[in-house]
Every structure is written in structure tokens, then in C-alpha cells.
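Q:
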Amino acid sequence: MSEGTIDVRLIRRLNGYACSSRYLGLMRLASRLGDGPIWYILIAAVTVGEKFAGWTGVHLALLGLCNTLIYYTLKVSLKRARPFATHQGIRALAEPMDAYSLPSGHTMHAVAFAIAASSFYPALALVLAPFAALTAVSRVALGLHYPSDVLLGAIIGAATAAVSLSLV
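Our numbering applies: residue 11 is where the sequence shown begins, and numbers increase by one.
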């Protein structure tokens, strides 16, 4: 990817800001929670407090499994190197989960879970929508993804959520 692309210019700006920012801890926390813990807690919470006999938790778990399969298939097929591995001056400010960047699985899951869970419990949108956005920004700021990686992850996450909800 050329140094002059919008993708590279934007990641350079966000990564440079994160390197010297008091927000680095927040970016790392959002990314770490997006590794899975926040979604496991969400699934458990809606299952325990379920007014729909536990089906929302099952729905979210199956959505997560579907997204994991899509994410893994695309990552190993596309094999797009992470920005920090390709461009000098972009630093990995958190440990990547794998070698490839496209799509952002964190963003895919965050958007899918935010949409699906909020459709069952609208009040959750007040927390999950900002968290999904923060997760997406954190992945770019930490030097782990290009903006186009998180955009594609968000599109796939929204699509899988929409399809899953249409089946309910």
C-alpha cells in the first residue's frame, strides 16, 4: 500500500497521536476487552437475565461463531500484512492476535454484537454503540489495522447481524 493513501495517512496520524497520548491506556483497554471478554460477559448477562428464555444469548453466541468463521477465512485468504509490519514509523502499541489485518475481527464482532444485542435490548445501544466505535478507532490507533480493515469489519459485522436478526 502506497504511503500516500488515505489509509496510510490516517493510521500514521492516529498511531502517532496514540504513541504520545494519555489515551493510550483507553485504546489498549478497549482493544483488550474486544478480544472477547466483553462479549462473553454480554452473552452471559443476557442469558441470565433473559426474558426470551435464553435465546438472545444463544443468538449472540451463534453470531459470534459465524463472525469468527468469516473473519478467519478472510484473514487466511487475503493475508494482508498489518500496518506496523509494512510501514516504517507505525508502531504496534498492543500485541496482535495474528499476523494479518484484513478484516478487523474486533470491529466485526463489536458492530455485530452491538446491533444484535441492541435489537433485543434497545437500552444497550447507549453503551454498545460507543464501545463499538471506540474498538474500531483503537485498532487503528494501536497500529494493528488500516482504516479500511475496520470499515470492512464494520460492514461485515452489520451484515451478519442483519441476516441473523432476519432469521429470528
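Quick reminder that beta carbons are idealized off the backbone N, C-alpha and C, glycines included.
Remember, predicted model here, so these are calculated numbers, not experimental data.
1) Please state if the CB of proline 113 and the CB of arginine 81 are separated by a distance shorter than 8 Å.
2) If you count every other CB in all the chains shown that lies within 10 Å of the CB of leucine 88, and 16 or more means buried, which is it?
3) Just list the residues that DSSP pairs alanine 91 with in beta bridges.
4) Would you kindly work out how many angstroms separate the C-alpha atoms of valine 167 and histidine 119, rounded to a whole number?
5) Could you check where the alpha helix (DSSP H) with alanine 164 kicks off and where it finishes?
6) Grab the span of the alpha helix (DSSP H) containing arginine 32 for me, first residue to last.
7) The alpha helix (DSSP H) spanning leucine 52 covers which residue range?
8) Using DSSP with H/G/I as helix, E/B as strand and the rest coil, what is threonine 145?
9) Flag this pair as touching only if the stretch 99-109 and the stretch 123-137 have three or more C-beta atom pairs under 8 Å; answer yes or no.
A: Walking through what the data contain:
1) Stepping through the sequence shown from its first residue, residue 81 is reached at position 71. Stepping through the sequence shown from its first residue, residue 113 is reached at position 103. Residue identity differs from the one stated: residue 81 is tyrosine in this sequence, not arginine. Yes.
2) In the sequence shown, counting from the first residue as 1, residue 88 sits at position 78. Looking at its Cβ environment, which holds fewer than 16 other Cβ atoms inside 10 Å, leucine 88 is exposed.
3) Mapped onto the sequence shown, residue 91 falls at position 81. Tyr110, per the DSSP bridge assignment.
4) As a first step, residue 167 is located in the sequence shown; it is residue number 157 there, counting from the start. As a first step, residue 119 is located in the sequence shown; it is residue number 109 there, counting from the start. The amino acid at residue 167 is misidentified as valine; the sequence shows glycine. Glycine 167 and histidine 119: Cα-Cα distance of roughly 6 Å.
5) Against the sequence shown, residue 164 aligns to sequence position 154. Segment 157-176, the alpha helix (DSSP H) holding alanine 164.
6) Against the sequence shown, residue 32 aligns to sequence position 22. Where arginine 32 is concerned, there is no enclosing alpha helix (DSSP H), given that its DSSP letter is neither H nor E.
7) Taking the first residue of the sequence shown as position 1, residue 52 is located at position 42. That run of the alpha helix (DSSP H) goes 47-58.
8) Position 135 of the sequence shown, counting from 1, holds the residue named residue 145. The answer is helix: DSSP assigns threonine 145 an H, G or I state.
9) With a cut-off of 8 Å, the stretch 123-137 and the stretch 99-109 do not count as touching, because too few Cβ pairs lie within range.
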